[in-house]
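Scroll down for the structure; my scribbles are underneath it.
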Amino acid sequence: MNNTRAELHLHTKMGNMDAVGDIEGYISFAKSNNISAVAVTDRSVVRAFPKAYELSKEYGVKLIYGADICRETNADKKYGITVLARNRQGLKALYKMITALHTEPSCGRLDSVEKIISDDRKNLLVGACDELYQAIIDGKTDDELQAVIGFYDFLEVQPYNDKDINEKIAALGERYDKPVAAASNAHYVYAEDKIGEAVLLHRAGDSAPSNIDLHMRTTEEMMEEFAYLGGDMAKKVVIKNPNLIADMCDDTFSPFPAEKKKFEIKGAKKTIVKQAQAKLEEMYGEDPNKTIKKRFHDELEIITKNNCESLFVLAAGIVNHIAGKGCLAGNRGCVGSSFIAYLLEITETNPLKAHYVCHTCHHTEFSDTNACGADMPDKNCPNCRTKMKKDGFNIPYEPLFGMDGEKEPVIDLNIPPSMFDECCKYLQDLLGKCRICRAGTVCTLSDKRAKFYIREFEERMGERLSCAERENAQNLLCGAVYTNGLCPGGLLIAPEGTRITDYTPLWHTDMPDGLLGSHFSYHDLWDELFKFDILTHDAPEMLKVLEDLTGVKPAEIPLDDKKTIGSFQNIDTAGIPEFASPYVQNMMHIAQPKCFDDLIRISALSHGTGAWKDNAEELIKEHKAELSEVISCRDDVFLTLLKYGIDRQAAYMISERIRKGKGLSDNDIKLVERHGIPAWFIASCQKIMYLFPRAHAAVYTLMAYRIAYCKAHYPTEFAKALKEIEGK
């Protein structure tokens, strides 16, 4: 027989501000003291499961998923019970319970929990904690005690409980053939950690520290605690029965479904090829320029090779749905780097090099002198004399996909706030409500807040903690979870054939769209669920209002309007998103933007770190550099290195290091010097801490420019629209 115990009841700092035990501390303690299994049983929450699972695998300690759940009896009293999942089905039942506790009206929560336990009883183990203990205190008859015991699979005793009552419970277990198991009910790992729990309880309203010791016990300590039961009974309660119960639970399994499934929309591959091809032919004809064809096929190959079609189809569906409601959708990040995304109308920025295209005969001409098509002079088609469209923002696809598609593309949309509920409804209709929830977060105590709690505790108790006690309490309190939160605009989508609740319990968010939030942080679900960000932004909303007031469609606003460019040169940008802050206005005063591309560069520089101050600013002010010459975004580094003949792979890797603030290595410097890269460029790279993507800056600038156009040409309507937006 195993000579060490299993722990069936402990609380972590991932609970609801009732414990300071760190899950790694518990599992490390178990490993060091040969404790065979650990059950995590936070009160009404299970946030610790993902991390506990990873640590259990690392340390080789069996993990049992559980919770301290509230149960209401016919006497209308509420008691805490220990619920353990025996297997994956039991875990799903546990998730249902936690969801019920956090989503249903208070009058129905406990009934739901009772029903779930009843329906899935064979997959669960239920331990008696409070109810039996209280029944003995209340002097219940043996028949009444037998009725109480009948509900439970095992009876729990804890070391700090009254010895006579623990002896009574041990005897009842023998009489009614119910295993009696000793559990620490630990709230912290070591005895000296009690100070952290005292501060936490004080914050919760307890005026004095508890005299109960709630640290995790070794087998030897538990045997000493229960020595009054007699040697054989103590060994049975401390070692044999807890291991018996632990053995009834499956070996450690993931808190998520075992079979990994990727997010997919049926027929997505056919859809993306058909729609993108149709748009390509509409814009560039049946036989496009070879540069365009190569970009199209290269991206399409990457997308299909990496099974990303569903992401693009989903994003296109949302954008088109919003367009059908008369609104524009913007986007964030690098999605504007994708030509396929442009053809699917996910983004408005065409990432091809600056070019002319005739929409009558499809004649196409690329420019080597302009970075942005909007800045080229007007030109008629040499074949049919039709005025050609000026297009292209010169954005490579590598920032989104990587060199060969090794990056998982991310598509974040910006939509008017009024459209968010509409988008959620669209997704629910498309995919099913059971597959979607809001991306949850967990809100934890910061170092600053922990220090405040400790000072408050010291003032109330009228004594100062020692430096060691204060430091220990601070470490214990930091990271304690006090509530759930939400990732702004973040949605989680479960694979087809599954439900969100297979992966995480849910909680009621009080948001008007009615979507529930994930109980686990979306970071814990990153590899399990598909995360899609739909962020609300005032710029698309304002453009809709301006269109209603002026009749001017945003997509038809010319991007080379001199009056609009002049408003940026004159720093008349109050009320213009991205360009209204004093910081950006000062940049414009120094850099004097002359064209649309300059505005993109200013936007990128304003979002970078170490890119403007004492870098591009100095080059422009002191060395009279043009905006087009300085490094404004991550794409500038990549394209400049290519221009000087550096291998594409090497150029990409260097640009990735630069944009993350890692600078040029000695080998990088030797390589770029060998290719004739100017010294100022190398020095500039070494100062950069973060670089913004050109695609992101281009989309933001496009929105801002259109609003500035309305301000320049329709000032009355602009003022009215601004007032309406600010009033919401």
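My numbering runs 362 ahead of the 1-based position in the sequence shown.
Glycine is no exception: its CB is placed at the ideal position from the N, C-alpha and C atoms.
Notebook entry, point to check: Counting pairs of beta carbons, one from the stretch 529-546 and one from the stretch 803-822, are three or more of them closer than 8 angstroms?
Noted result: no
Check: Taking C-beta to C-beta, are residue 414 and residue 370 nearer than 8 angstroms?
Finding: no
Notebook entry, point to check: Going by Cα to Cα distance, which pick from 366, 445, 418, 463 is closest to residue 403?
Noted result: 445
Next item on the list: Pull up the CB-CB distance for residue 516 and residue 540, whole angstroms please, since I reckon it's below 8 angstroms.
Entry: Under the criterion of beta carbons closer than 8 angstroms, residue 516 and residue 540 qualify as touching, at roughly 6 angstroms.
Check: What number of angstroms, rounded off, separates the C-alpha of residue 364 from the C-alpha of residue 572?
Finding: 34 angstroms
Notebook entry, point to check: Should residue 967 and residue 694 be called a contact, given that it needs their Cβ atoms to be closer than 8 angstroms?
Noted result: Taking 8 angstroms as the Cβ cut-off, residue 967 and residue 694 do not qualify as a contacting pair.
Next item on the list: Check whether the stretch 469-488 touches the stretch 864-883, taking contact to mean three or more Cβ pairs, one atom from each stretch, closer than 8 angstroms.
Entry: no
Item checked: Per DSSP, the bridge partner or partners of residue 805 -> 845
Margin query: Which residue marks the beginning of the beta strand (DSSP E) containing residue 663, and which one marks its end?
Written below: Counting along the chain, residue 663 falls outside any beta strand (DSSP E), though it belongs to the alpha helix (DSSP H) covering 652-667.
Note to self: Threshold first: 3 residues or longer. Then list the beta strand (DSSP E) segments lying entirely within the stretch 475-553, N to C.
What the structure shows: 486-490, 516-519, 542-544
Item checked: Residue range of the alpha helix (DSSP H) that includes residue 420 -> 411-421
Next item on the list: Answer with buried or exposed for residue 659, where buried requires no fewer than 16 other C-beta atoms within 10 angstroms of its C-beta.
Entry: exposed
Margin query: Based on DSSP bridge pairs, tell me the residues matched to residue 880.
Written below: 868
Note to self: Can you tell me whether residue 800 sits near the ligand ZN, meaning its C-beta is under 7 angstroms from at least one heavy atom of the ligand?
What the structure shows: The ligand ZN is not among the ligands present in this structure, which contains no ligands whatsoever.
Margin query: I'd like to know whether the C-beta atoms of residue 855 and residue 835 end up nearer to each other than 8 angstroms.
Written below: no
Check: Is it buried or exposed for residue 785, if we count other Cβ within 10 angstroms and need 16 for buried?
Finding: buried
Next item on the list: State the DSSP-derived secondary structure class of residue 860, mapped to helix, strand or coil.
Entry: coil
Margin query: Using the Cβ count rule (16 or more neighbours within 10 Å means buried), how would you classify residue 869?
Written below: buried
Next item on the list: Mind checking who residue 855 pairs with in its DSSP beta bridge?
Entry: Note: residue 855 sits in a beta bridge opposite 798, 892.
Check: Going by Cα to Cα distance, which pick from 1046, 601, 512 is closest to residue 981?
Finding: 1046
Item checked: C-beta atoms of residue 765 and residue 1011 nearer than 8 angstroms -> yes
Notebook entry, point to check: Which ranges would you report for the beta strand (DSSP E) in the stretch 695-756 if only whole runs of at least 3 residues count?
Noted result: 717-719, 726-728, 751-753
Notebook entry, point to check: Are the CB atoms of residue 723 and residue 756 nearer to each other than 8 angstroms?
Noted result: no
Checklist line | Residue nearest to residue 761 in terms of C-alpha spacing, selected from 911, 518, 998 | finding: 998
Notebook entry, point to check: Which term fits residue 537, buried or exposed, when burial requires 16 or more other beta carbons within 10 angstroms of its beta carbon?
Noted result: Around the Cβ of residue 537, a 10 Å sphere holds fewer than 16 other Cβ atoms; the residue is exposed.
Item checked: First and last residue of the uninterrupted beta strand (DSSP E) at residue 777 -> 774-777
Notebook entry, point to check: Quick one, are the C-beta atoms of residue 773 and residue 677 less than 8 angstroms apart?
Noted result: yes
Next item on the list: Put residue 401 into one of helix, strand or coil per three-state DSSP.
Entry: strand
Margin query: According to DSSP, simplified to helix, strand and coil, what is residue 384?
Written below: coil
Item checked: Cutoff 6 angstroms; reference residue 614; Cβ partners in own chain excluding five residues on either side -> 418, 424, 425
Checklist line | Contacting residues, own chain, Cβ-Cβ under 6 angstroms from residue 935 (five flanking each side not counted) | finding: 941, 942
Next item on the list: On the DSSP bridge assignment, give the partners of residue 598 in chain order.
Entry: Answer is none; residue 598 lacks a bridge partner.
Margin query: Just checking: is the beta-carbon of residue 638 within a distance shorter than 8 angstroms of some beta-carbon in chain D?
Written below: In summary, chain D is missing from the structure at hand, where a single protein chain is found.
Item checked: Reduced DSSP category for residue 434 - H, G, I as helix; E, B as strand; rest coil -> strand
Check: In angstroms, rounded to a whole number, what distance separates the CA positions of residue 742 and residue 749?
Finding: 4 angstroms
Checklist line | Secondary structure, beta strand (DSSP E): runs of 3+ residues fully inside the stretch 969-1047 | finding: none
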